[in-house]
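Data first, discussion second: the structure below is written as structure tokens.
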């Protein structure tokens with residue numbers, strides 16, 4: 003019982019909440035404690051890669067009918083499982099006896115995320131005054147949520163949005179720096195030369211995207227659109 007108490011206090015101090023239902027009548031403290039510890043160690047490692055402050059609770063563990071001679075526990079999470087929110091881990095005994103069980107866990111990740119500070123219109127270029135940061139549990143937020151203001155500043159809103167709406171990556175796009183039919187400067191550069199020429203863009207492009215340009219000679223070249231609206235071709 004002292005070892006279980008020590009485990010519980012250690013878990014609480016590290017941000018782990020063990021469910022009050024962890025030990026049903028069919029499970030002994032001696033059988034449950036090593037499983038709790040193995041799960042806690044696994045989640046501590048898993049959560050290091052999450053974008054915010056993580057904590058978790060371990061649900062009920064029913065060891066009824068399981069052999070008590072397990073010498074090694076292996077804990078995994080399904081490859082396609084979301085690593086936060088209500089999920090489960092797989093616990094397998096790999097030495098001494100062979101068994102496996104599912105244990106529910108609830109993983110909370112407190113993150114900063116980006117919301118609209120005022121209504122946004124479709125096609126609007128987002129500035130620092132248009133957005134702000136809020137804080138919440140990643141499990142309660144939509145997929146693709148932006149967590150850094152820099153991810154939104156200078157981007158173009160695809161749709162109109164009300165104030166206080168969480169911003170997702172698919173709501174924004176880079177503004178066009180080159181538009182189809184626009185006259186552009188083409189900069190061709192190699193190890194020991196740089197040549198500039200004029201041409202006409204054959205497609206729209208944001209910074210970093212490929213754009214085709216027809217030169218005055220009729221030759222069509224492909225280059226990379228730059229933030230200043232020029233087209234770079236590297237040799």
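Residue numbers (this note's numbering): 3 to 237. Glycine residues also receive a C-beta, built at the ideal position from the N, C-alpha and C atoms. As the structure is a prediction and not an experimental result, all values here were calculated from the model.
> In or out: residue 140 buried (at least 16 other Cβ within 10 Å) or exposed?
Replying inline: Within the chain shown, the letter at position 138 stands for residue 140. Buried, by the Cβ-count rule.
> DSSP on residue 96, reduced to helix/strand/coil?
Replying inline: Sequence index remark: in the chain shown, residue 96 carries index 94 (1-based). Of the three classes helix, strand and coil, the one that applies to residue 96 here is strand, per DSSP.
>> DSSP has residue 106 in a bridge; who is on the other side?
In response: Walking along the chain shown from the start, residue 106 turns up at place 104. In the DSSP secondary-structure assignment, residue 106 is bridged to 90.
> Cα separation between residue 53 and residue 201?
Replying inline: Position 51 of the chain shown, counted from the first residue, corresponds to residue 53. Position 199 of the chain shown, counted from the first residue, corresponds to residue 201. Approximately 45 Å, taken between the alpha carbons.
> Going along the chain, which residues of its own chain have a beta-carbon closer than 6 Å to the beta-carbon of residue 94, five neighbours each way excluded?
Replying inline: Stepping through the chain shown from its first residue, residue 94 is reached at position 92. So the qualifying residues of the chain are 76, 102.
> Is residue 2 near residue 174, with beta carbons less than 8 Å apart?
Replying inline: The requested residue 2 does not occur in the structure, where the chain is confined to residues 3 to 237.
> Based on the DSSP output, what are the partners of residue 134 in its beta bridges?
Replying inline: Taking the first residue of the chain shown as 1, we reach residue 134 at position 132. Partner(s): 117.
>> Tell me the residue span of the beta strand (DSSP E) that contains residue 60.
In response: Reading the chain shown from its first residue, position 58 is the one you call residue 60. Secondary structure note for residue 60: its beta strand (DSSP E) is the uninterrupted segment 55 to 60.
> What separation, rounded to the nearest whole angstrom, lies between the Cα atoms of residue 238 and residue 62?
Replying inline: An answer regarding residue 238 cannot be provided, because it is not within the stretch 3 to 237 covered by the chain.
>> Beta-carbon within less than 8 Å of residue 130's beta-carbon, same chain only, minus the 5 sequence neighbours each way: which residues are those?
In response: As a position in the chain shown, residue 130 is number 128, starting the count at 1. Residues of the same chain with a CB within less than 8 Å of the CB of residue 130, apart from the 5 flanking positions on each side, are 151, 155 in chain order.
> Just curious, the alpha helix (DSSP H) that residue 46 is in, first and last residue?
Replying inline: For the purposes of this step, residue 46 is taken as residue 44 along the chain shown, with counting starting at 1. For residue 46, the enclosing alpha helix (DSSP H) has its first and last residue at 31 to 48.
> According to the neighbour-count rule (16 or more other Cβ atoms, all chains shown, within 10 Å of its Cβ), is residue 195 buried or exposed?
Replying inline: Along the chain shown, one-based indexing puts residue 195 at 193. So residue 195 counts as exposed.
>> Quick test of the definition: if touching needs 3 or more C-beta pairs under 8 Å, does the segment 68 to 83 touch the segment 119 to 134?
In response: No, the segment 68 to 83 does not touch the segment 119 to 134.
> Hey, residue 272 and residue 65 are a contact pair by Cβ (cut 8 Å); roughly how many whole angstroms apart?
Replying inline: Look at the range of the chain in this structure, 3 to 237, and you will see that residue 272 is not part of it.
> Nearest to residue 85 by alpha carbon, out of 116, 123, 46, 149?
Replying inline: Taking the first residue of the chain shown as position 1, residue 85 is located at position 83. Shortest Cα-Cα distance from residue 85 to any of 116, 123, 46, 149 involves 46.
>> Alpha carbons only, please: which of 233, 176, 59 is nearest the one belonging to residue 88?
In response: Counting from one through the chain shown, the residue named residue 88 turns up at place 86. Per the Cα distances, 59.
> To the nearest whole angstrom, what separates the beta carbons of residue 235 and residue 223, a pair I think is in contact under 8 Å?
Replying inline: Along the chain shown, read from residue 1 onward, the residue named residue 235 stands at position 233. Along the chain shown, read from residue 1 onward, the residue named residue 223 stands at position 221. Right, their Cβ atoms sit about 6 Å apart.
>> My output table needs one value for residue 51: the three-state DSSP class, helix, strand or coil.
In response: Residue 51 sits at position 49 when you count from the first residue of the chain shown. Helix, per DSSP.
>> Taking the alpha-carbon of residue 242 as reference, which of 214, 228, 100 has the nearest alpha-carbon?
In response: Past the boundaries of the shown model lies residue 242; the chain is included only from 3 to 237, so the question cannot be answered.
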